[in-house]
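To start, the structure under review is shown below, and the notes come after it.
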């Protein structure tokens with residue numbers, strides 16, 4: 112038994128050498144590609160441009176410092192949407208809702224950049240249906 116213990120000690124004290132290839136962790140190519148795509152986008156999300164355009168089009172004053180607004184914009188960017196996509200959604204929904212007192216309150220980041228962003232983006236440009244309230248028949 113003592114001999115076996117000595118053999119074990121002798122074998123465990125030998126330096127174990129492995130090639131550099133064996134020591135280097137293997138990276139998953141899918142994760143590497145994904146991080147390469149996401150990393151640059153994190154650095155170049157144009158929060159200020161998006162909010163400035165929203166404020167200009169809606170006549171409102173949303174703050175760049177809002178964490179929730181930044182999270183919404185970042186989430187859409189991670190899904191692959193671009194500055195042009197944000198501007199299109201802002202343009203479409205501003206045209207639809209800006210002059211409507213009921214819908215105007217929904218011209219805000221939570222609504223525009225939330226879960227319905229893609230459906231707003233794919234909306235066809237069209238004219239708003241006119242109602243009697245849109246005309247002043249008393250004149």
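Numbering (the numbering used here), first residue to last: 112 to 250.
All C-beta atoms, glycine included, are put in the ideal place defined by N, C-alpha and C.
Buried versus exposed call for residue i [16 or more other C-beta atoms within 10 Å across all chains shown]
i           : result
residue 180 : buried
residue 189 : exposed
residue 228 : buried
residue 220 : buried
residue 145 : Bear in mind that a pLDDT of 48 at residue 145, under 50, signals an unreliable position, so the number given afterwards is only what the model happens to contain. Result: exposed.
Through-space distance from residue j to residue i, alpha-carbon basis
i           : j           : result
residue 161 : residue 197 : 7 Å
residue 185 : residue 225 : 11 Å
residue 236 : residue 230 : 12 Å
residue 163 : residue 210 : 20 Å
residue 173 : residue 234 : 24 Å
residue 213 : residue 155 : 35 Å
residue 187 : residue 159 : 15 Å
residue 182 : residue 216 : 20 Å
residue 147 : residue 177 : For residue 147, the pLDDT reaches just 48, beneath the cut-off of 50, and the residue's location in the model is therefore unreliable, although a value from the coordinates is still provided. Between residue 147 and residue 177, the C-alpha separation is close to 27 Å.
Whether residue i touches residue j by CB criterion (9 Å)
i           : j           : result
residue 223 : residue 200 : yes
residue 157 : residue 194 : yes
residue 192 : residue 165 : no
Cβ contact (3+ pairs, closer than 8 Å) linking the region 163 to 177 and the region 193 to 213: yes
Segments assigned alpha helix (DSSP H), at least 4 residues, entirely inside the region 172 to 200: If we require 4 residues or more, the alpha helix (DSSP H) runs fully inside the region 172 to 200 come out as 178 to 189.
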